[in-house]
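Numbering (our numbering), first residue to last: 1 to 601.
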Amino acid sequence: DYVFFENSSSNPYLIRRIEELNKTASGNVEAKVVCFYRRRDISHSLIQLADKHASKYERESPSEPELSDKQKHQLRHRELFLSRQYESLPATHIRGKCTVALLNETESVLSYLEKEDTFFYSLVYDPTQKTLLADKGEIRVGPRFQADIPDMLQEGESDGRDQSKLEVKMWDPECPLTNKQIDQFLVVARAVGTFARALDCSSSVRQPSLHMSAAAASRDITLFHAMDTLHRHGYHLSSAIGILVPQGGPVLCRDEMEEWSASEASLFEEALEKYGKDFNDIRQDFLPWKSLTSIIEYYYMWKTTDRYVQQKRLKAAEAESKLKQVYIPTYNKPNPNQISVSNGKMATVNGAASLAGHQTAGAGRACESCFSMQSSQWYSWGPPNMQCRLCVSCWMYWKKYGGLKMPSRAEGEEREPPSPTPNDLRARAHGARQSSHLAPMRNSGSPRSSVKTKQAFLLQATRLTKLARHMCRDIIRLRRAARRPFVPINCGAVKADQHQSLIPSPEFIAPCVLESRPAPNTTRSPRTPGLQVPPPRRLLSSLPSHGPLGMLGKRSYHHHSRLETGAERRASAGQGEPCTHTNAHPHVDARRCAYMHSRSG
Numbered sequence: 001d002y003v004f005f006e007n008s009s010s011n012p013y014l015i016r017r018i019e020e021l022n023k024t025a026s027g028n029v030e031a032k033v034v035c036f037y038r039r040r041d042i043s044h045s046l047i048q049l050a051d052k053h054a055s056k057y058e059r060e061s062p063s064e065p066e067l068s069d070k071q072k073h074q075l076r077h078r079e080l081f082l083s084r085q086y087e088s089l090p091a092t093h094i095r096g097k098c099t100v101a102l103l104n105e106t107e108s109v110l111s112y113l114e115k116e117d118t119f120f121y122s123l124v125y126d127p128t129q130k131t132l133l134a135d136k137g138e139i140r141v142g143p144r145f146q147a148d149i150p151d152m153l154q155e156g157e158s159d160g161r162d163q164s165k166l167e168v169k170m171w172d173p174e175c176p177l178t179n180k181q182i183d184q185f186l187v188v189a190r191a192v193g194t195f196a197r198a199l200d201c202s203s204s205v206r207q208p209s210l211h212m213s214a215a216a217a218s219r220d221i222t223l224f225h226a227m228d229t230l231h232r233h234g235y236h237l238s239s240a241i242g243i244l245v246p247q248g249g250p251v252l253c254r255d256e257m258e259e260w261s262a263s264e265a266s267l268f269e270e271a272l273e274k275y276g277k278d279f280n281d282i283r284q285d286f287l288p289w290k291s292l293t294s295i296i297e298y299y300y301m302w303k304t305t306d307r308y309v310q311q312k313r314l315k316a317a318e319a320e321s322k323l324k325q326v327y328i329p330t331y332n333k334p335n336p337n338q339i340s341v342s343n344g345k346m347a348t349v350n351g352a353a354s355l356a357g358h359q360t361a362g363a364g365r366a367c368e369s370c371f372s373m374q375s376s377q378w379y380s381w382g383p384p385n386m387q388c389r390l391c392v393s394c395w396m397y398w399k400k401y402g403g404l405k406m407p408s409r410a411e412g413e414e415r416e417p418p419s420p421t422p423n424d425l426r427a428r429a430h431g432a433r434q435s436s437h438l439a440p441m442r443n444s445g446s447p448r449s450s451v452k453t454k455q456a457f458l459l460q461a462t463r464l465t466k467l468a469r470h471m472c473r474d475i476i477r478l479r480r481a482a483r484r485p486f487v488p489i490n491c492g493a494v495k496a497d498q499h500q501s502l503i504p505s506p507e508f509i510a511p512c513v514l515e516s517r518p519a520p521n522t523t524r525s526p527r528t529p530g531l532q533v534p535p536p537r538r539l540l541s542s543l544p545s546h547g548p549l550g551m552l553g554k555r556s557y558h559h560h561s562r563l564e565t566g567a568e569r570r571a572s573a574g575q576g577e578p579c580t581h582t583n584a585h586p587h588v589d590a591r592r593c594a595y596m597h598s599r600s601g
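(1) Where does Tyr112 land, buried or exposed, given buried means 16+ other C-beta within 10 angstroms?
(2) Would you identify the three-state DSSP class for Trp398, choosing helix, strand or coil?
(3) Quick one: give me the first and last residue of the alpha helix (DSSP H) that Thr222 is part of.
(4) Quick one: what's Ser45 bridged to in DSSP?
(5) Could you spell out the range, first to last residue, of the beta strand (DSSP E) harbouring Ile18?
(6) Residue range of the beta strand (DSSP E) that Val168 falls in?
(7) From which residue to which residue does the alpha helix (DSSP H) around Glu273 run?
(8) Using only alpha-carbon positions, find the residue among Ser501, Arg473, His499 and Gln500 that is nearest to Ile489.
(9) Enumerate in chain order the residues of its own chain whose CB-to-CB distance from Thr580 is below 7 Å, with the five nearest sequence positions on each side excluded.
(10) Measure the C-alpha to C-alpha separation of Asp51 and Asn332 and round it to an integer number of angstroms.
(11) Using the Cβ count rule (16 or more neighbours within 10 Å means buried), how would you classify Asn179?
(12) Tell me which same chain residues have a C-beta within less than 6 Å of the C-beta of Trp395, skipping the five on either side of it?
(13) For the 8 Å Cβ check, are there 3 or more pairs between the stretch 190-197 and the stretch 216-223?
(14) If I follow the unbroken beta strand (DSSP E) through Arg84, where does it start and stop?
(15) Cα separation between Lys303 and Leu272?
(16) With a Cβ-Cβ cutoff of 9 Å, do Thr222 and Ala198 count as a contact?
(17) With 16 as the cutoff for other CB atoms within 10 Å, does Asp424 come out buried or exposed?
(18) Does the beta-carbon distance from Tyr401 to Arg78 come in below 9 Å?
(19) What does DSSP give as the partner residues of Glu30 in its beta bridges?
(20) Can you list, in chain order, the residues of its chain whose CB lies under 8 Å from that of Thr99, leaving out five sequence neighbours each side?
(21) Taking DSSP as the reference, what is the three-state secondary structure of Asp1?
(22) Taking Ser83 as the reference, give the member of Leu458, Lys23 and Tyr121 with the closest Cα.
(23) Compute the beta-carbon to beta-carbon distance between Phe375 and Cys388, rounded to the nearest angstrom, for a pair I have assumed lies under 8 Å.
(24) With a threshold of 16 other CB atoms inside 10 Å of the CB of Leu617, please say whether the residue is buried or exposed.
(25) Looking only at its own chain, which residues have a Cβ that is under 7 Å from the Cβ of Ala493, when we skip the five neighbours before and after it?
(26) Does DSSP put Gln184 in a helix, in a strand, or in coil?
(27) Please confirm if the stretch 38-48 is in contact with the stretch 84-92, defined as three or more CB-CB distances below 8 Å between the two stretches.
(28) For Tyr308, which option in Ser321, Glu269, Leu323 and Tyr327 has the closest C-alpha, if you only look at C-alpha atoms?
(29) With Arg473 as the anchor, note down where its beta strand (DSSP E) starts and where it stops.
(30) Where do the N-terminal and C-terminal ends of the alpha helix (DSSP H) with Ala214 fall, by residue?
(31) Secondary structure at Lys405, three-state DSSP: helix, strand or coil?
(32) Among His470, Trp260 and Ile328, whose alpha-carbon lies nearest the alpha-carbon of Glu297?
(33) Could you check the C-alpha separation between Gln154 and Arg161 for me, to the nearest Å?
(34) With distances taken between CB atoms, is the gap from His225 to Val251 smaller than 9 Å?
(35) Take the Cβ of Tyr13 as the centre, count every other Cβ of all protein chains shown within 10 Å, and call the residue buried at 16 or more, exposed below.
(36) So Trp289 is in the beta strand (DSSP E); what residue range does that whole segment cover?
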């Protein structure tokens with residue numbers, strides 16, 4: 001049976017197919033069910049692909065009556081998607097029975113709307129892989145799969161078609177041989193097949209006895225080969241027997257029952273128990289080395305064996321012992337979504353107490369689906385802040401079909417997007433960037449998919465991080481890191497490299513040379529104003545200075561009044577000043593420098 005299951009007081013019913021009923025140790029009854037999914041349970045991208053696939057068939061069959069917008073809206077609620085997923089649910093959650101059928105192309109789609117609690121499916125949904133596939137049980141009926149029937153010939157009119165090109169004759173019933181001669185020839189073919197199995201080593205292992213070999217030689221494959229040989233040789237018995245027993249040995253014809261080993265037969269029975277007659281899954285998971293044709297042929301031959309009859313009897317006995325039906329009492333518990341007022345003070349909306357003012361504000365609102373103002377009972381629907389409500393009939397429609405009778409302002413309509421224009425194609429790049437900040441969120445009480453804005457954030461790098469991008473390029477390797485966003489960057493190595501670059505190494509300190517010069521003899525004037533004596537006139541002070549050098553190539557007073565570093569010496573040497581002091585060692589010991597100062601003093 002196909003039944004409605006309730007897992008939430010505000011959500012629509014789940015539609016499931018009962019596979020078996022099991023009684024637990026506690027005495028409760030659980031149902032093993034197959035899951036069906038609605039359109040609202042599947043992503044919008046998959047729904048668009050399914051609608052595009054269906055629109056092609058609609059264009060190929062224009063005889064389908066035109067549907068109104070309301071009928072199209074309600075027809076979406078009747079479509080389901082089969083899955084291979086099983087689950088166990090308590091039988092007490094069953095709320096009624098329904099009907100689910102494979103979509104029949106010969107029937108009108110209006111027939112599903114006219115029947116109550118009737119659904120259809122045509123695609124299989126895989127919730128783990130998020131894919132939609134066509135059901136393997138699709139009925140290929142319609143002009144796309146049928147041959148073109150020619151017009152009926154009039155009486156006496158001949159058919160101008162060449163029959164030899166349209167068909168191949170496999171047996172002539174008007175052959176010159178009698179039925180007795182044909183039967184004798186088939187007995188000879190069986191005897192040849194039995195003898196061939198006795199000579200074949202692999203066949204002698206599988207059929208160790210003469211009785212089993214004779215039974216295998218009497219199968220259809222041997223008889224078909226014998227009759228085909230007789231037909232190809234013009235029904236001459238001597239020529240046909242010569243073909244059955246050539247010079248190399250007798251002809252051995254084996255079918256799939258003989259080709260399969262005992263272990264392969266056990267795997268096939270195990271797969272058939274798990275997947276049923278889904279031969280594609282059987283081949284993929286259990287027998288990948290077998291062709292699909294071989295598996296199907298073996299299945300129909302396996303059904304003629306005694307083992308199949310025994311298993312069928314065992315399954316019938318197990319089915320007799322299993323629980324076949326369960327009584328489900330009428331569910332009369334109040335729904336938490338009922339809108340009720342007690343003494344005009346408090347109201348219950350979605351199972352939570354709220355102020356009576358909220359109830360009064362929604363008391364004058366119409367039904368969100370049929371816009372009716374009167375109902376024996378009202379139910380809250382959708383988010384509490386919208387204060388939408390449904391009448392009794394629309395509430396039951398929502399629970400069973402997962403939507404509203406009429407498109408609502410609170411329910412997003414699924415419409416096929418029009419063909420994009422060049423402007424739309426240019427705008428999609430910007431729209432894709434904007435949509436990356438939006439994520440769909442399904443409401444518990446409404447079928448629409450509202451849009452929730454993700455929380456924005458700002459990533460501001462520090463100055464040291466920005467500096468590290470330029471100073472530590474060999475360690476960070478930005479292009480390689482951009483291609484591997486989930487591999488972390490070794491921040492410890494970056495910090496260590498940055499620390500070493502900021503601290504100078506002793507090997508890279510520029511060498512300096514310290515020299516001491518005797519202090520110049522200067523005459524200082526007396527501090528007493530009355531005893532001021534004019535300073536003695538320097539004899540050479542009036543001589544002109546030629547360049548940076550003093551008289552007789554000596555250094556000037558500016559050079560004698562301070563210590564000169566090696567860098568300044570090199571700079572002065574570049575200007576043409578000769579170097580008068582050299583030092584073999586780049587580093588001067590501190591004690592030696594102090595000794596030189598003491599001597600100069």
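The beta-carbon is built from N, C-alpha and C at its ideal position, and this holds for glycine as well.
All values reported here derive from a predicted model rather than from experimental measurement.
Judging by the given coordinates:
(1) buried
(2) helix
(3) Asp220 to Arg232
(4) Paired residue(s): none; Ser45 is not in a bridge.
(5) Leu14 to Lys23
(6) From DSSP, Val168 is part of no beta strand (DSSP E); its letter is neither H nor E.
(7) Ala262 to Tyr275
(8) Arg473
(9) Residue placement at Thr580 is flagged as unreliable, the pLDDT there being 43, under the threshold of 50; a coordinate-derived value is accordingly withheld.
(10) 39 Å
(11) exposed
(12) Tyr379
(13) yes
(14) Glu79 to Pro90
(15) 12 Å
(16) no
(17) With a pLDDT of 38 at Asp424, under the threshold of 50, the predicted position of this residue should be treated as unreliable, though the coordinate-derived value follows. The residue is exposed, with fewer than 16 neighbouring Cβ atoms inside 10 Å.
(18) yes
(19) Asn22 and Pro90
(20) Tyr2, Lys115, Asp117, Thr118 and Phe119
(21) coil
(22) Tyr121
(23) The amino acid at residue 375 is misidentified as Phe; the sequence shows Ser. Ser375 to Cys388, Cβ: 14 Å. No contact.
(24) In this structure the chain extends from 1 to 601, so residue 617 is not present and cannot be described.
(25) Ile475
(26) helix
(27) no
(28) Glu269
(29) Here Arg473 belongs to no beta strand (DSSP E); instead the alpha helix (DSSP H) covers Arg473 to Ile476.
(30) Leu210 to Ala217
(31) coil
(32) Trp260
(33) 15 Å
(34) yes
(35) buried
(36) Careful: Trp289 lies outside any beta strand (DSSP E) and carries neither H nor E.
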